[in-house]
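Chains as they are written, first to last, in full-length UniProt numbering: chain A, 1 to 334; chain B, 1 to 334; chain C, 1 to 334; chain D, 1 to 334. Below is one structure; the comments refer to it alone.
Protein chains: 4
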Amino acid sequence: MQIAMVGLGRMGANMVRRLLKQGHDCVVFDVNADNVAALVKEGAKGASSPADLISKLEKPRAVWLMLPAAITPKIAREFASQLDNGDAIIDGGNSLYHEAINLSAEFAPLGIDFIDVGTSGGVWGLERGYSLMIGGPKAAVQRLDPIFASLAPGAGQNIAEDPETGTAPRGYLHCGPAGAGHFVKMVHNGIEYGVMAAYAEGLNILKAANAGNSEREVDAETAPLANPQYYRFDVDLPAVTEVWRHGSVIGSWLLDLTAEALKQDPHLEHYDGRVSDSGEGRWTLQAAVETGVPAPVLASALFERFSSRGEAQFAGKVLSAMRHAFGGHLEKAK
Amino acid sequence: MQIAMVGLGRMGANMVRRLLKQGHDCVVFDVNADNVAALVKEGAKGASSPADLISKLEKPRAVWLMLPAAITPKIAREFASQLDNGDAIIDGGNSLYHEAINLSAEFAPLGIDFIDVGTSGGVWGLERGYSLMIGGPKAAVQRLDPIFASLAPGAGQNIAEDPETGTAPRGYLHCGPAGAGHFVKMVHNGIEYGVMAAYAEGLNILKAANAGNSEREVDAETAPLANPQYYRFDVDLPAVTEVWRHGSVIGSWLLDLTAEALKQDPHLEHYDGRVSDSGEGRWTLQAAVETGVPAPVLASALFERFSSRGEAQFAGKVLSAMRHAFGGHLEKAK
Amino acid sequence: MQIAMVGLGRMGANMVRRLLKQGHDCVVFDVNADNVAALVKEGAKGASSPADLISKLEKPRAVWLMLPAAITPKIAREFASQLDNGDAIIDGGNSLYHEAINLSAEFAPLGIDFIDVGTSGGVWGLERGYSLMIGGPKAAVQRLDPIFASLAPGAGQNIAEDPETGTAPRGYLHCGPAGAGHFVKMVHNGIEYGVMAAYAEGLNILKAANAGNSEREVDAETAPLANPQYYRFDVDLPAVTEVWRHGSVIGSWLLDLTAEALKQDPHLEHYDGRVSDSGEGRWTLQAAVETGVPAPVLASALFERFSSRGEAQFAGKVLSAMRHAFGGHLEKAK
Amino acid sequence: MQIAMVGLGRMGANMVRRLLKQGHDCVVFDVNADNVAALVKEGAKGASSPADLISKLEKPRAVWLMLPAAITPKIAREFASQLDNGDAIIDGGNSLYHEAINLSAEFAPLGIDFIDVGTSGGVWGLERGYSLMIGGPKAAVQRLDPIFASLAPGAGQNIAEDPETGTAPRGYLHCGPAGAGHFVKMVHNGIEYGVMAAYAEGLNILKAANAGNSEREVDAETAPLANPQYYRFDVDLPAVTEVWRHGSVIGSWLLDLTAEALKQDPHLEHYDGRVSDSGEGRWTLQAAVETGVPAPVLASALFERFSSRGEAQFAGKVLSAMRHAFGGHLEKAK
């Protein structure tokens, strides 16, 4: 089946590769011509501009956008103005699901279907396949089924649909109307932040398990370590994360990756600990707040990332200023 | 190899079954004679009392305790008083790791080895094997290697030891001296609480995704739902958890179980939402606090369990009393 | 000075009373005619409709809205359509500050000033005065200075303005352009939630200080209370909150109110513990999330309120379902 | 009345000063002889050693310890070995309340009363008085009533005892048997951490209210600021904290101090934001965990302090390693 891919970064390029392998006809465009050239070598058709891309597609056309969230609506509108009744635009990026609801309504009078696809799988998707959470009009989603089926992990594995969960066992799912795909993917990422933080905090506690071997200062500013005899373990983190992979309750793909990363770099010296967040974790929290759902774990996970980037510093200054004001406490030097 | 098992509940009985299958000689005891009888039928040797159990063991003896944390130290001491130099007591339950440090020091003068084994795998361990985190003296741990290897998931799979992580790929690991096994298992469970809570919060948010379809009251006590148009999704939780299992970043064994549970009972009507906690989550948090490690996600996960059992109610009363005092706000009826 | 007040609930009515006492000319309207009549008896001029209200005002008119957030924008627009160049609309309610930014821009072409006033003080404001956080165009704010000065706590106390903080020591402050007043009040309430929760959690811990006097079950589902001897205090909460009011670091007006409430009802039997939230706590969290500021305390305080109303129940069900799935754990009966 | 004070740091020295002013006879000792000399000039009797101190006291003696928690039990035992039946040792420091329970039981056979006094008030106590939370045997507490009354804020103010809360309105309270004083003070400090954090987070949000005025990068790693038009406020923190002091719901002594600190140093440039914690916040959390009381706000406040000192860094490294592993994300440079 023919599909256009716009945006050939880490995700977009690998998705094209996976589709090419499954025999699809991919027409590709990126503002960086080198990215286009690379995929042309691998069998894609290249386009030199959005207009060129559109001209190379047969109707009904399908244009998949794989772009940063900040620019997706603008680009989607540009394409919509050049497409026709019956064509489809797919947003496979990490956009706020509101956009899908809004753009879908905006494009409907033009007869252009807007489909939002939450795409999970990262750099491993090329090989493992991508878990796809899809929102949009049923007919358009069904028309694109060959694309979804090929991107998803079940491709080529002859997995039957399930009477209750449909295509879900094959790794893709039509989750509902416009926005449903990005909504479900948003919450997926919110959960991801929480799961990641659980492992990260636990490993940090294991790392501190030898705290009893070092001296803590004795002064009025510092809580004494009451029972140093209970904190004299030097935990082998690569081995512990490895053993947890086999039969423990917390086995997971994230744990697999963590164990591998620790094996390569047991003290994680390649990292400084400043953690980015790319939107969905924030939006998940905002959805929780708007609908009145308690989400303290997801919130804590998000705020830890903010703090890792120094964003709590002014709050710390306020606390130190208060402590000085009521107790004459001076900040301890680093 | 011969091993005694004391405590034939859910965990203990299945561990005996797994050991019997691998050809070990199991002598078993439980205060409930029916539990003993059941395993005798399956090939274990039964004992009618601790003394009887001990009399049926060859030296050096190995007595594995699989008991509630609250009574383990008492029973361990009772056995220690009847065992001899060279024998070993293994605590495979969910004891606080302090006990292992203390009991180990207490039994050392008797020449009795105390081994603490964190055992993960739940009711599935019989089939999948148990992930074992082991603490104690090296020689004793090595002597019991055949038992650990058989309980662990790698049994019969001919997996090589890893130069860096040793037996970890086979699902068991000597984590360090006395207490190290229970310490690592404790943190494992702390992480487990956090991971579970991440999924639970996320699914709760998905469930509320249709909040815009119901009316919210308009009064000064209630925040209006600003954008109901963004909350009109009826999310199919069994299908969504199923699709996440295939290629998504949050794939895990806990997710596998959750998807299956939702397939059986999509609204989880068999549950009321009052969640127990059995110790390790609390101890993990206390270790974090004592060593000065931030653990907001693990803490939030634990506190959600407390709250689910009504333990926040008095705090809520204080808040309502304050709101009444400063704003004349009355509590809204249920 | 003449001022119109629309919305004569708890807050609006008392503000009129305070203004009347300070000699202002108040024209009042409410959809409930009884509320109007009550204030007419106390010296206000009553109006029977918005149009009647407007007709009774001299130019430049000032109409203060004290209404639920959900209906304020609609009513503001209705008034704007009937007012003239040079008039002012003041929103003193708990509106999202976005509204002020939007309405201000909307009314500017009409020459109508929109002023947003965050108003703190609750039912005590009549007597103590209201802390006012004001946003809007400088000239309009200055024109209304006599009203703000009278509503604020400093009224009649001859407090000098401060060279650095201006009118702040008198209890009102022009915080910036449109929206600044409601923004600052929003964060004020976010802080309020956090402060309240800190007291509430602490008192809950004090209440549980006698946990060692009751038996906890011994089973694999329940963490044993390790050291019951440390939890045998019957804390007298009314006395403790009273003593904290005198010289302690946590003395505050909220503590004053809490101590009084506990004196009246030591076990807070008048309350069930279901706590409302009226918007600002949510919006504060959303501002934190949008700007990348860690706010785990404010988030936890908000989520505790959600949980107090049962909104965590489905998450609890998911946790219990997981525990059953991996460990065969059954939920304990209530 | 005669009292001995051991430990003449910030707190101890000022307490002696307050007692001297009220006409008490203070015998003082500190390992630093200069501290002794300073108070001798102000009217105290100096001692050159613990033995010298004891020799200068009339029976029944009362020795008040005002020392770091880490060394208090050791010093208390040294004094106990030199005191007699009927004497009293008072621990006014920030000790874990377990110590009071244990030391009290240890000294009881000697006839020595151990009294634990939680002392709040900081450097302001000299002038404002100290809020005292007292645990220990009733008779001993009553014997020392003149000392407590003089240290407390009510001294010289002729405040009547309250039929329900006794001496609480005068600023001191006998909270219960051994440990009760330190337990109540511990929770007081736990609350203090939460209250402080609520203000600190709120002020951090106000500080970020101009985020819309700066550009945020547009890339796949960074969530775009959706609505910059809502974040264009330059909030005057000294003025805002000042206005909140007057009539707002969040007025408090901590707010008074914060407003003053911000007036002196509006950007808190004297502080780096690394916040100490001195024990009680940790112990409060541990009490909450042991007794099963949800305390997410107090926990978050504590963990923010840990994080401010860099203790979350390894967790951040784990997160960055995971993000790299699944998504190829590189940490953004500082």
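Cβ atoms here follow ideal geometry from the backbone N, Cα and C, with glycine treated the same way.
- Counting only the Cα atoms, A:Val6 lies some 11 Å from A:Ile54.
- For C:Gly129, the number of other beta carbons within 10 angstroms of its own is at least 16, and it is reported as buried.
- Per the coordinates, the alpha-carbon of A:Ala211 lies some 35 Å from the alpha-carbon of D:Cys175.
- In the DSSP assignment, B:His324 falls within the alpha helix (DSSP H) that extends over 313–327.
- Annotation for D:Gln82: Ile54 place their beta carbon closer than 6 Å to its own, counting only its chain and skipping 5 residues before and after.
- Against chain D, the CB of A:Glu331 has a partner CB under 7 Å away; the residue lies at that interface.
- For A:His188, the C-beta contacts it makes with chain B under 7 Å involve Trp244, Ser248, Ile250, in order along the chain.
- For the pair C:Gln157 and C:Glu164, the Cα-to-Cα distance works out to about 20 Å.
- Going by DSSP, B:Val28 is part of the beta strand (DSSP E) stretching over 25–29.
- Just so you know, the alpha carbons of D:Arg232 and D:Leu254 end up roughly 28 Å apart.
- The count of Cβ pairs closer than 8 Å, one atom from the stretch 175–191 of chain C and one from the stretch 126–144 of chain C, reaches three, so the stretches are in contact.
- Considering only beta carbons, the part of the stretch 306–325 of chain A lying closer than 9 Å to chain D consists of Ser307, Ser308, Arg309, Gly310, Glu311, Ala312, Gln313, Phe314, Ala315, Gly316, Lys317, Val318, Leu319, Ser320, Ala321, Met322, Arg323, His324, Ala325, in chain order.
- Rounded to the nearest whole angstrom, the CA to CA distance from A:Asp265 to B:Arg17 is 39 Å.
- For D:Asp272, the C-beta contacts it makes with chain A under 7 Å involve Glu331, in order along the chain.
- Counting along the chain, A:His174 sits inside the beta strand (DSSP E) bounded by residues 172–176.
- In the three-state scheme derived from DSSP, where H, G and I count as helix and E and B as strand, B:Met133 is classed as strand.
- A contact between stretches requires three or more CB pairs, one per stretch, nearer than 8 Å, and the stretch 312–332 of chain A fails this requirement with the stretch 72–86 of chain B.
- By the Cβ-count criterion, A:Ser214 is exposed, with fewer than 16 other Cβ atoms from all chains shown falling within 10 Å of its own Cβ.
- Interface with chain B (7 Å Cβ-Cβ cutoff): A:Ser300 is included.
- No Cβ of chain D is located within less than 7 Å of the beta carbon of A:Arg128.
- Contact between the stretch 235–255 of chain B and the stretch 302–315 of chain C is absent: fewer than 3 CB-CB pairs across the two stretches fall below 8 Å.
- The shortest C-alpha to C-alpha distance from A:Tyr193 to any of B:Lys59, B:Val249, B:Tyr271, B:Tyr193 is the one to B:Val249.
- The beta carbon of D:Phe148 sits closer than 7 Å to those of Leu132, Ile134, Tyr172, all from its chain and outside the five residues before and after it, given in chain order.
- Distance from the CA atom of D:Lys317 to the CA atom of B:Val293, rounded to whole angstroms, is 14 Å.
- Across the stretch 15–40 of chain A, no CB contact with chain B closer than 8 Å is found for any residue.
- Using a CB distance below 7 Å, the part of the stretch 192–213 of chain A facing chain B consists of Glu192, Gly194, Val195, Ala197, Ala198, Tyr199, Glu201, Gly202, Asn204, Ile205, Leu206, Ala208, Ala209, Ala211, ordered along the chain.
- Looking at the backbone, the Cα of D:Val36 and that of A:His329 are separated by about 22 Å.
- When C-alpha distances from D:Val28 are compared across D:Lys21, D:Gln22, D:Pro50, D:Arg10, the shortest belongs to D:Pro50.
- DSSP places B:Ile54 within a helical segment (H, G or I) once states are collapsed to three.
- Not a single C-beta of chain D is nearer than 7 Å to the C-beta of B:Gln82.
- With 16 or more neighbouring CB atoms inside 10 Å of its own CB, A:Asp236 falls in the buried class.
- In terms of beta-carbon proximity, A:Ser104 stays away from the interface with chain B, with every pair separated by 7 Å or more.
- A:Leu330 carries a coil assignment under DSSP once its states are collapsed to helix, strand and coil.
- A straight line joining the alpha-carbon of B:Pro228 with that of A:Tyr199 spans about 35 Å.
- For A:Pro153, the nearest CB of chain B lies under 7 Å from its own CB, placing it at the interface with that chain.
- DSSP places A:Met196 inside the alpha helix (DSSP H), whose first and last residues are 180–207.
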